[in-house]
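Residue numbers (our numbering), protein chains in the order written: chain F, 1 to 277; chain U, 1 to 310; chain Y, 1 to 294. Even glycine gets a Cβ: it sits at the ideal position worked out from N, Cα and C. Predicted model only: the values in this text are computed from it and were never measured. A short worksheet on the structure shown next.
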Amino acid sequence: MTTLTIEKKNNKRKIEKNQSTSNASNKKNVFETKDLNLWYGDDHALKEINLSIPENEVTAIIGPSGCGKSTFIKTLNRMVEMVPIVKISGAIKYREKNIFQPKYRVEELRTQVGMVFQKPNPFPKSIYDNIAYGPRIHGIRNKKILDQIVEKSLRGAAIWDEVKDRLNENAYGLSGGQQQRICIARCLAIEPDVILMDEPTSALDPISTLKVEELVQELKKDYSIVIVTHNMQQAARISDKTAFFLTGEVVEFSDTDALFSNPEDKRTEDYITGRFG
Amino acid sequence: MEKKLNINEMIQENRKTMNFTRIWEKIIPKILLAIAIISILTTVGILSTLLVETIAFFKQVPFLDFFTGTKLKPLGADAQFGVLPLLTGTLISTVIAMIVAIPIGLMTAVYLSEYASDRIRRTFKPLLEILAGIPTIVYGFFAFTFVTPLLRSIIPGLEPTNILSPGIVMGVMIIPMVASLSEDAMSSVPSEMRQGASALGATRLEITFKIVIPAAISGIVASFVLAISRAIGETMIVTIASGSSKNFTFDVTQSMQTMTAYIVEVTGGEAPAGSTLYYSLYAVAMTLFVFTLIMNLIAQYVSRRFREEY
Amino acid sequence: MKYVDTAQVQKRMNLRLTTNKLAKSLFFLSTMFGLIVLVVLIYRVFSQGIQWIDLQFLTGKLSTFAENAGVMGPLLGSFWLMLVVAPLTMFLGVGTAIYLEEYAKKGRIPSFIQTNIANLAGVPSIVFGLLGLTVFVKGFSLGNVVLAGGLTMSLLVLPIVVVASQESIRAVPQYLREASYGMGATKWQTVKNVVLPASLPGILTGVILSLSRAIGETAPLVVLGIPALLIPFPDSIFDKFTVMPLQIYYWTIDSALTKEYANLAAGAIVVLLMLLFLMNSIAIIIRNKYQRRL
Chain F
1 MTTLTIEKKN NKRKIEKNQS TSNASNKKNV FETKDLNLWY GDDHALKEIN LSIPENEVTA
61 IIGPSGCGKS TFIKTLNRMV EMVPIVKISG AIKYREKNIF QPKYRVEELR TQVGMVFQKP
121 NPFPKSIYDN IAYGPRIHGI RNKKILDQIV EKSLRGAAIW DEVKDRLNEN AYGLSGGQQQ
181 RICIARCLAI EPDVILMDEP TSALDPISTL KVEELVQELK KDYSIVIVTH NMQQAARISD
241 KTAFFLTGEV VEFSDTDALF SNPEDKRTED YITGRFG
Chain U
1 MEKKLNINEM IQENRKTMNF TRIWEKIIPK ILLAIAIISI LTTVGILSTL LVETIAFFKQ
61 VPFLDFFTGT KLKPLGADAQ FGVLPLLTGT LISTVIAMIV AIPIGLMTAV YLSEYASDRI
121 RRTFKPLLEI LAGIPTIVYG FFAFTFVTPL LRSIIPGLEP TNILSPGIVM GVMIIPMVAS
181 LSEDAMSSVP SEMRQGASAL GATRLEITFK IVIPAAISGI VASFVLAISR AIGETMIVTI
241 ASGSSKNFTF DVTQSMQTMT AYIVEVTGGE APAGSTLYYS LYAVAMTLFV FTLIMNLIAQ
301 YVSRRFREEY
Chain Y
1 MKYVDTAQVQ KRMNLRLTTN KLAKSLFFLS TMFGLIVLVV LIYRVFSQGI QWIDLQFLTG
61 KLSTFAENAG VMGPLLGSFW LMLVVAPLTM FLGVGTAIYL EEYAKKGRIP SFIQTNIANL
121 AGVPSIVFGL LGLTVFVKGF SLGNVVLAGG LTMSLLVLPI VVVASQESIR AVPQYLREAS
181 YGMGATKWQT VKNVVLPASL PGILTGVILS LSRAIGETAP LVVLGIPALL IPFPDSIFDK
241 FTVMPLQIYY WTIDSALTKE YANLAAGAIV VLLMLLFLMN SIAIIIRNKY QRRL
C-alpha cells in the first residue's frame with residue numbers, strides 16, 4: 001500500500017516534468033486540465049487529471065477499455081454532460097478560460113472544439129447538407145459561400161474527388177470509411193480550433209483506417225488534434241504526444257517516441273508490450 | 001479562392017447577431033410545455049363538464065334512486081331516472097362481447113405467437129389490423145342488417161332489435177385488440193424459456209400453457225381489461241342494433257339500452273338545457289367515464305407489473 | 001432400477017402429441033374466424049352497396065328519395081373535418097411528444113402528462129362528444145360547425161399522434177443528436193434539423209392513422225347534435241356539416257322504414273372503406289419507403 005502511494009507521487013512528478021519540457025519548447029497549449037475528477041453516479045471515472053494539450057500537434061490517448069480515455073475526450077467539449085448522472089470537479093481551461101464556468105456557453109465551446117465519433121454518424125441527409133449543417137446552424141445561409149465551404153471541407157477531408165459528382169445523394173449510400181471522412185469534413189466546415197477524435201477508425205477496415213490516419217497527419221498543420229485510440233501502433237504512427245490512461249488516471253504523458261521507446265512507468269511498459277489490456 | 005475562407009471568423013461574426021436564437025432557445029421549452037398541458041386541460045375539461053352537470057342532476061334526483069332504480073322513464077310527468085336498466089344493458093353487451101373476444105382473441109394470439117411461421121404471421125397481422133380499422137358504424141350496419149336476421153332464423157324468439165347481435169359483433173370488433181396486445185406480451189417472453197422446456201421434451205401446447213402464458217399473464221390480463229373498457233364505451237353498434245327500450249332484464253333476446261346508447265338518444269332529441277333529462281345525460285356519462293377509467297387504471301397497473309419482470 | 005417407464009412415456013407421448021395437434025387446429029380456426037368475418041362483412045357490404053355507386057351517387061346532394069341521393073355533402077364534410085384535425089393534431093401531438101422525449105424526460109410533470117395521455121386514450125369517444133358539445137358548441141358558441149367537430153375530434157385522436165410521435169422520436173439514434181451537439185448546435189436546432197426530419201415518416205404515419213380514425217368516428221359527432229337534415233355543402237370551417245359515418249348511421253336506422261336506405265348506407269360504407277383503404281395505403285407506403293433509411 002505504501003509503495004503504491006509513493007509510486008503515484010513519482011508519477012505526478014514525472015508528468016509535471018514532462019509538461020514543463022513541452023512548455024519549454026515554446027508551444028502554446030489549447031487545453032489545460034487541473035485536478036479534473038469525474039463520476040458517473042458513484043463510479044469514479046476520472047481521477048485528478050492534469051494534462052496540457054499542445055497546439056497544432058496530435059495528442060494520442062491510449063489505454064485499455066474502461067480506462068476513462070473516451071470519457072476524458074468527451075469532457076473536453078462537455079459532451080459527457082449528456083449523461084444525466086455525471087458529476088465533475090476541477091477545471092479545464094480552453095485557451096485560458098475555464099469551460100465549466102457558469103457563464104461559458106457550451107455551444108460556443110463546441111463551435112471551437114469539433115468532434116469526430118467512434119461510429120461514423122452522418123445525418124440521413126445529402127452529402128452537401130451534411131457538410132453545410134454546421135455553417136447553417138451558425139447563421140451562414142449564403143448559397144455561394146456554402147458551396148465554397150462544402151468544397152473546401154470535402155477537399156480538406158480528402159474525399160472531394162470521390163463525392164464531387166454526387167453531393168446531392170444521401171450520405172448513407174457511402175462506405176463506412178467514406179462516411180467517416182464525411183464526418184471529418186462536416187467537422188472542418190466550421191473550422192474548429194481543436195478536433196477531438198474518439199476512436200475514429202475502430203469501425204473501419206484497414207485501408208480506410210490508413211486514409212484517415214494520413215488525413216490526420218495532413219490536418220495537424222491547421223488544427224490541434226486529440227485522438228483516442230485503442231490501437232497502440234496507430235498512436236505511435238500518427239501522434240506527437242501520447243498519454244497513457246489506466247483506471248481513470250494518467251499514468252504517463254510524454255512525447256510519443258519517448259513513451260513507446262523508453263516508458264518510464266512499469267505499467268506503461270506492460271501495456272505497450274502487450275502484457276495486459 | 002484564397003487558402004483560408006475564414007469560416008470561423010464568419011461564425012464568430014454571426015454569433016453577435018444571433019441573440020434571437022438564444023432567446024428562442026429559452027422560449028421553446030415553455031411553448032412545448034404549454035402544448036403538452038393541453039392534454040391535461042382536456043382531462044380537466046371532461047371532468048369538470050361532467051362533474052358540474054352531474055352535481056346539478058343529483059340535486060334533482062336522489063343519488064340512491066339513480067343507482068338503485070330499476071325504472072328509467074326520462075319523459076313525461078312521472079319521469080323516473082333509475083340507471084340500472086342502462087347498467088344491465090352495458091353489462092350484458094360487454095359480457096357477450098367478452099365471451100366472443102377473449103377466447104378467440106387469446107387463441108389467435110397463441111397461434112400467431114407460438115405456432116405460426118414467420119410468413120403466416122406477416123400476412124395475418126395486417127389483416128387483423130384491417131379488421132381493427134373498420135369504423136364501428138360499419139359493424140353497426142353489419143349487426144343490424146346481417147347478423148340479426150341471421151340469428152333470427154336460428155333463434156325464433158329473437159326480437160328485431162336485441163342485445164345479443166350487437167354484443168357478438170362488438171366481440172368480433174374487439175378480437176384484434178385482444179389478439180395483438182396478448183401476442184405482444186407473449187412474444188416478449190424470452191425464447192430461452194421456451195427452449196428450456198422444449199429441451200425437456202415438452203410439446204408446443206405444454207410450453208404455451210405452462211411457460212409462455214404464465215410468464216405473459218399480466219400483459220394478457222391487461223389486454224382483457226382494456227377490451228372490457230372498450231366494450232363498455234362502444235356506442236354505435238349497440239345504438240343501431242339494440243334499440244332504445246329501457247327494459248330492466250337479463251334476457252338477451254330483448255332490446256336493451258346501454259349507457260352510451262342512452263347518451264346518443266338524449267342528445268339526438270335536443271333535451272332542453274336545465275331539464276332533468278339534460279342533466280341525466282351527464283350523470284350517465286359520468287358513470288360511464290368512471291367505469292372505463294377504473295378499467296384503464298387496472299390495465300395500467302397490471303401491465304406495469306409485467307414490464308418489471310424482464 | 002429404472003425410474004422412467006419407457007413404454008408408459010411412449011403411450012403418454014402419443015396422447016400429448018395428438019392433443020397438441022388438435023389444439024393447433026383449434027388455434028388456427030380461431031385465427032381464421034376473425035378473417036372469415038372480415039370477408040363476409042366486406043362481401044356483404046360490397047354486394048349490396050356497389051351497384052349504387054355511380055357518378056350521381058358520388059357527386060349528388062343528399063335527398064329523401066333514395067334514387068336521387070348522393071354523398072357529396074358528407075364527403076365534403078369529412079374532408080373539411082380532416083382539414084381541421086390534421087394540422088391541429090400534428091401541432092399538438094408532435095409538440096407534446098417533443099416536450100416529453102427531448103425536453104423533460106424525467107420528473108413529475110412529464111410523468112403526469114404521460115399517464116394522463118394513456119388515460120385519455122381509453123376515454124370512450126362519446127364522452128369526448130359531450131366535452132365538445134359543452135365546451136365548443138355551447139361554451140364557445142360555435143354551434144355544430146366544422147370547427148367544433150374538428151376540435152372535438154382533434155382532442156379525441158391526440159393520444160394516437162402523441163404516442164406514435166414519441167415512438168418515432170425515441171427511435172432516432174442518439175449518435176445523430178451527438179453529431180449535432182458536437183457542432184455547437186443548440187437543443188432546438190438539433191430537434192428541428194436532426195430529430196424531427198429523421199422521425200417525420202413515423203410521425204406522418206401516426207397522423208394519417210389518427211385521421212382515418214377521425215373520419216370513421218361517429219359517436220362524438222352524433223352528440224354534437226349534427227342533424228340529419230339536407231344542409232348545403234360546407235364551404236368553410238364555420239359552416240354546418242355532416243360526415244360519411246353520420247350519414248351511414250341515419251340511413252341505417254331509417255332503413256327499418258324505407259328499405260332502400262339500407263342500400264344507400266351500404267353504398268356509403270363502400271365509399272368510406274375505400275377512402276380509409278387509400279389513407280392506410282399511403283401510411284404504409286410512407287412507412288416502407290423511409291424505414292430503410294435509418
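- For residue 140(U), the uninterrupted alpha helix (DSSP H) run begins and ends at 136-142, by DSSP.
- With a threshold of 16 other beta carbon atoms within 10 Å, residue 134(Y) meets it and is buried.
- Identification of chain F residues near residue 19(U) by a Cβ-Cβ cut-off of 8 angstroms yields none; the smallest Cβ-Cβ distance measures about 11 angstroms.
- At least one C-beta of chain U is nearer than 9 angstroms to the C-beta of residue 192(F).
- Under the Cβ criterion of 9 angstroms, residue 176(Y) is counted among the residues facing chain F.
- Under the 9 angstroms criterion on CB atoms, residue 131(F) is classed as non-interfacial with respect to chain U.
- Judged by beta-carbon spacing, residue 59(Y) lies beyond the 9 angstroms limit of residue 49(Y), meaning their Cβ atoms are not closer than that value.
- Here residue 20(U) carries a helix assignment [DSSP, helix/strand/coil].
- Fewer than three beta-carbon pairs drawn from the region 54-62 of chain U and the region 188-199 of chain U are found closer than 8 angstroms, and the two stretches are therefore not classed as touching.
- Every beta strand (DSSP E) stretch that sits fully inside the region 72-128 of chain F and reaches 3 residues is listed by chain position as 86-94 and 113-116.
- Within the same chain, and ignoring the five residues on either side of residue 85(F) in sequence, the residues whose Cβ sits closer than 7 angstroms to its Cβ are 40 and 41.
- For residue 295(U), the closest Cβ of chain Y is nearer than 9 angstroms.
- Along the region 243-264 of chain U, none of the residues has a CB nearer than 9 angstroms to a CB of chain F.
- Beyond the five residues adjoining it in sequence on each side, residue 252(Y) comes within less than 8 angstroms, by CB distance, of 261, 262 and 265 in the same chain, given in chain order.
- Look at residue 27(U): its C-beta is not under 9 angstroms from any C-beta on chain F.
- Under the 10 Å beta carbon count, residue 174(Y) is surrounded by fewer than 16 other beta carbons and is classified as exposed.
- Assignment of residue 74(Y) by DSSP, reduced to helix, strand and coil, places it in the helix class.
- At least one CB of chain F lies nearer than 9 angstroms to the CB of residue 183(Y).
- For residue 197(F), the pairing in a beta bridge is given by DSSP as 116(F) and 227(F).
- Excluding five sequence positions before and after residue 216(U), the CB atoms of its chain that fall closer than 6 angstroms to its own CB belong to 185, 186 and 189, given in chain order.
- When C-alpha distances from residue 28(F) are compared across 53(F), 180(F), 261(F) and 89(F), the shortest belongs to 53(F).
- A distance below 6 angstroms between beta-carbons, with the five flanking residues on each side excluded, links residue 164(Y) to the following residues of its chain, in chain order: 206.
- CA-to-CA, the gap between residue 92(U) and residue 23(U) works out to about 59 angstroms.
- By the criterion of at least three beta-carbon pairs nearer than 8 angstroms, the region 178-195 of chain Y is in contact with the region 96-115 of chain F.
- Closest by C-alpha distance to residue 171(Y), out of 159(Y), 51(Y) and 203(Y), is 203(Y).
- Secondary structure of residue 144(Y) (DSSP, three-state): coil.
- Chain order gives the chain Y residues near residue 108(U) as 30, 31 and 34, where near means a beta carbon separation below 7 angstroms.
- Within the same chain, no residue comes within 8 angstroms of residue 266(F) by CB-CB distance, once the 5 residues on both sides are set aside.
- CA-CA distance, residue 160(F) to residue 97(F), rounds to 36 angstroms.
- At a cut-off of 9 angstroms, the C-beta of residue 189(Y) has a neighbouring C-beta in chain F.
- In the three-state reduction of the DSSP assignment, residue 188(U) falls in the coil class, being assigned neither a helical nor a strand state.
- With fewer than 16 other Cβ atoms from the protein chains shown falling within 10 Å of its own Cβ, residue 3(Y) counts as exposed.
- About 19 angstroms separates the beta carbon of residue 257(F) from that of residue 224(F), a gap too long to meet the 8 angstroms contact definition.
- The beta-carbon of residue 143(F) is placed no less than 9 angstroms from the nearest beta-carbon of chain Y.
- Chain order gives no chain F residues near residue 14(Y), where near means a beta carbon separation below 8 angstroms; the closest approach is about 55 angstroms.
- Residue 265(U) and residue 123(F) have their C-alpha atoms some 55 angstroms from each other.
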